[in-house]
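Colleague: Okay, here's the structure, questions in a sec.
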Amino acid sequence: MLAALGLSPDHESVYSVLAGRAQADLAELTVALQLPVDVIDDALCRLTACGLVKSTPGGVFAAAPPAVALGAMISERRAELRNAELALVTLAEEHRKAMAGRTISELIEVVTGVEAIRHRFAQVQHAARRQVRTFVTTPFVAVPPGANPVESQMVAQGVRYRVVIDQPALSSPGVVAETMESLRQGVEIRVTESLPIKLMLADDELALVPLTVAAGEEPGAVLLHRSGLLTAMDALFETVWRHAHPLDLAGFGEPAADVITALDRTILALLLAGLTDQAVATQLDLSLRTLQRRLRHLMDLAGVQTRMQLGWHAARHDWT
Numbered sequence: 001m002l003a004a005l006g007l008s009p010d011h012e013s014v015y016s017v018l019a020g021r022a023q024a025d026l027a028e029l030t031v032a033l034q035l036p037v038d039v040i041d042d043a044l045c046r047l048t049a050c051g052l053v054k055s056t057p058g059g060v061f062a063a064a065p066p067a068v069a070l071g072a073m074i075s076e077r078r079a080e081l082r083n084a085e086l087a088l089v090t091l092a093e094e095h096r097k098a099m100a101g102r103t104i105s106e107l108i109e110v111v112t113g114v115e116a117i118r119h120r121f122a123q124v125q126h127a128a129r130r131q132v133r134t135f136v137t138t139p140f141v142a143v144p145p146g147a148n149p150v151e152s153q154m155v156a157q158g159v160r161y162r163v164v165i166d167q168p169a170l171s172s173p174g175v176v177a178e179t180m181e182s183l184r185q186g187v188e189i190r191v192t193e194s195l196p197i198k199l200m201l202a203d204d205e206l207a208l209v210p211l212t213v214a215a216g217e218e219p220g221a222v223l224l225h226r227s228g229l230l231t232a233m234d235a236l237f238e239t240v241w242r243h244a245h246p247l248d249l250a251g252f253g254e255p256a257a258d259v260i261t262a263l264d265r266t267i268l269a270l271l272l273a274g275l276t277d278q279a280v281a282t283q284l285d286l287s288l289r290t291l292q293r294r295l296r297h298l299m300d301l302a303g304v305q306t307r308m309q310l311g312w313h314a315a316r317h318d319w320t
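For the sequence shown, UniProt numbering begins at 1 and goes up steadily by one.
Take a look at the structure:
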């Protein structure tokens with residue numbers, strides 16, 4: 001809990017015990033914490049230096065009031081972070097000016113190998129301050145479904161994520177579950193029939209474009225810095241985004257007024273996203289016959305005769 005203030009778990013344990021008592025000596029702390037004496041002694045020295053603990057000549061220790069002592073440390077850390085942010089702005093501007101005079105080889109970096117691509121994939125996301133935009137398509141080589149923990153970290157920090165996934169990728173095993181989790185975290189996701197490339201954009205500063213390789217070849221990617229080519233990637237994403245079909249949790253959620261089930265909503269959401277019956281059945285671990293029987297039931301509930309009519313009814317009555 002106090003690691004952000006530079007305190008170790010042992011420091012925190014010692015301070016927590018003292019905070020719950022009027023005072024204690026080294027022997028009492030040793031019994032309470034079941035830690036070696038030298039560990040507790042080192043922790044007390046550190047806590048005293050930080051102003052979190054006060055000692056008396058008689059070897060008795062007491063915790064300084066947390067609101068005062070910890071509050072001062074938090075204020076100091078906030079000031080340090082603010083200074084770091086100001087330094088970041090200055091460095092980013094210097095970097096932008098330097099980039100203006102860079103050669104083509106400096107603006108375009110070729111990355112090869114799975115581990116190198118994974119590293120750049122995470123690095124590009126960490127570089128974003130406003131938004132990350134991605135195209136998700138098959139095959140999954142360097143970063144398979146469920147292998148991007150950076151996304152949830154960045155979303156929690158306020159970075160906007162916009163993702164376009166194509167129908168073949170959405171049909172891949174495990175992708176629907178990951179998509180639902182991303183939607184819960186606040187990621188904006190749309191579906192399109194197909195995508196020409198994989199892509200990740202960090203603000204308008206960086207783009208990572210994985211390269212298509214033949215079977216057996218080492219995977220590669222291109223890292224683009226701010227340039228005309230990156231501007232073209234930006235425009236491509238926005239064009240595809242405007243025409244893609246939005247997904248939201250309502251399509252995977254709980255039934256409204258007991259009309260349809262959560263499974264029915266998921267089936268409709270995936271079908272409206274363009275997946276085939278067989279792809280939907282595979283994703284939801286259903287037989288094709290069961291899926292079609294559910295669809296027939298939904299058509300009966302809606303009082304319609306065709307899939308198209310069912311889609312219109314679902315949209316008008318908030319079934320997706």
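All C-beta atoms in this analysis are idealised placements derived from N, C-alpha and C, irrespective of residue type, glycine included.
This structure is a prediction, so every number in the text was calculated from the model and none was measured.
In the structure shown, what three-state DSSP assignment does G311 receive?
Modeller: Helix.
Colleague: Please list the terminal residues of the continuous alpha helix (DSSP H) segment that includes D42.
Modeller: Where D42 is concerned, the enclosing alpha helix (DSSP H) stretches over V37 to A49.
Colleague: Is any heavy atom in the ligand ADP found nearer than 6 Å to the beta carbon of E181?
Modeller: In terms of ligand content, the structure shown is empty, and the ligand ADP therefore cannot be addressed.
Colleague: If you reduce the DSSP assignment to three classes, tell me which class T30 lands in.
Modeller: Correct three-state label for T30: helix.
Colleague: Count the other CB atoms within 10 Å of the CB of S75; is the residue buried (16 or more) or exposed (fewer)?
Modeller: Burial call: exposed.
Colleague: Mind checking whether L224 and F135 have CB atoms under 7 Å apart?
Modeller: Result no, Cβ atoms of L224 and F135 do not sit closer than 7 Å.
Colleague: By the three-class DSSP mapping on this structure, what secondary structure does R162 have?
Modeller: Three-state result, R162: strand.
Colleague: Check this for me: beta carbons of A142 and I117, under 7 Å apart or not?
Modeller: Yes, the pair counts as a contact, with Cβ atoms nearer than the cut-off.
Colleague: In angstroms with no decimal places, state the Cα-to-Cα distance between D300 and R307.
Modeller: Roughly 11 Å between the two C-alpha positions.
Colleague: How many Å lie between R296 and T261 at the Cα?
Modeller: Rounded to the nearest angstrom, the two C-alpha atoms are 14 Å apart.
Colleague: Cα-Cα, which of A169, V155, E80 and A64 is closest to V187?
Modeller: When each option's Cα is compared against that of V187, the closest is V155.
Colleague: What is the DSSP secondary structure of L286, counted as helix, strand or coil?
Modeller: Residue state, collapsed to three classes: coil.
Colleague: Taking only three categories from DSSP, how would you classify T205?
Modeller: Correcting the residue type first, residue 205 is Glu in the shown sequence and not Thr. Looking at E205 - three-state DSSP - the assignment turns out to be coil, as it is neither helix nor strand.
Colleague: What separation, rounded to the nearest whole angstrom, lies between the Cα atoms of residue 405 and S172?
Modeller: Nothing about residue 405 can be read from this structure; the chain reaches only from 1 to 320.
Colleague: Does DSSP put I260 in a helix, in a strand, or in coil?
Modeller: Note: I260 maps to coil in three-state DSSP.
Colleague: Considering just the uninterrupted stretch of the beta strand (DSSP E) at T112, what are its terminal residues?
Modeller: I108 to T112 is the span of the beta strand (DSSP E), which, as asked, contains T112.
Colleague: Measure the C-alpha to C-alpha separation of G158 and H126 and round it to an integer number of angstroms.
Modeller: Near 12 Å, if we compare the C-alpha coordinates of H126 and G158.
Colleague: Using CA coordinates, which residue listed in L52, G59 and D318 is at the minimum distance from A67?
Modeller: Nearest of L52, G59 and D318 to A67, Cα basis: L52.
Colleague: CB-CB under 6 Å to R46, same chain, minus the five flanking residues each way: which ones, in chain order?
Modeller: Around R46: H11.
Colleague: Give a yes or no on whether the C-beta atoms belonging to P145 and G174 are separated by under 7 Å.
Modeller: Yes, the pair counts as a contact, with Cβ atoms nearer than the cut-off.
Colleague: With DSSP as the reference, label Q305 as helix, strand or coil.
Modeller: DSSP places Q305 in coil when its eight states are reduced to three.
Colleague: Using a threshold of 7 Å, state whether the C-beta atoms of T112 and G220 are closer than that.
Modeller: Their beta carbons are under 7 Å apart, which means T112 touches G220 by this criterion.
Colleague: Pop quiz: L170 and A273 are said to be a contact at Cβ under 8 Å. What is the actual Cβ separation, rounded to whole angstroms?
Modeller: Confirmed, Cβ separation roughly 6 Å.
Colleague: Where does V176 land, buried or exposed, given buried means 16+ other C-beta within 10 angstroms?
Modeller: Buried is the call here.
Colleague: Return the bridge partner residues of G58 from the DSSP annotation.
Modeller: Note: G58 sits in no beta bridge, so no partner.
Colleague: For the putative contact between A62 and A22, defined by C-beta atoms under 8 Å, what is the C-beta separation to the nearest angstrom?
Modeller: Right, the Cβ-Cβ distance comes to about 7 Å (below 8 Å), so this counts as a contact.
Colleague: For A128, tell me which candidate among E109, A24, L7 and Y161 has the shortest Cα-Cα distance.
Modeller: Checked all of E109, A24, L7 and Y161; the closest Cα to A128 is Y161.
Colleague: According to the neighbour-count rule (16 or more other Cβ atoms, all chains shown, within 10 Å of its Cβ), is P255 buried or exposed?
Modeller: Note that P255 has pLDDT 39, beneath the 50 cutoff, so the model's placement of it is unreliable and no number is given.
Colleague: Where do the ends of the alpha helix (DSSP H) carrying V240 lie?
Modeller: Element bounds for V240: G228 to H243.
Colleague: CA-CA distance, Q292 and L229?
Modeller: Taking the straight line joining both Cα atoms gives about 46 Å.
Colleague: Rounded to whole angstroms, what's the CA-CA distance from A257 to R242? Just pull it up for me.
Modeller: Note that A257 scores 37 on pLDDT, short of 50, meaning its location in the model is unreliable and no value can be drawn from it.
Colleague: Straight-line CA distance for A79 to T30?
Modeller: Distance between the alpha carbons of A79 and T30 is about 36 Å.
Colleague: Name the DSSP beta bridge partners of R190, please?
Modeller: BP columns for R190 point to V164 and P246.
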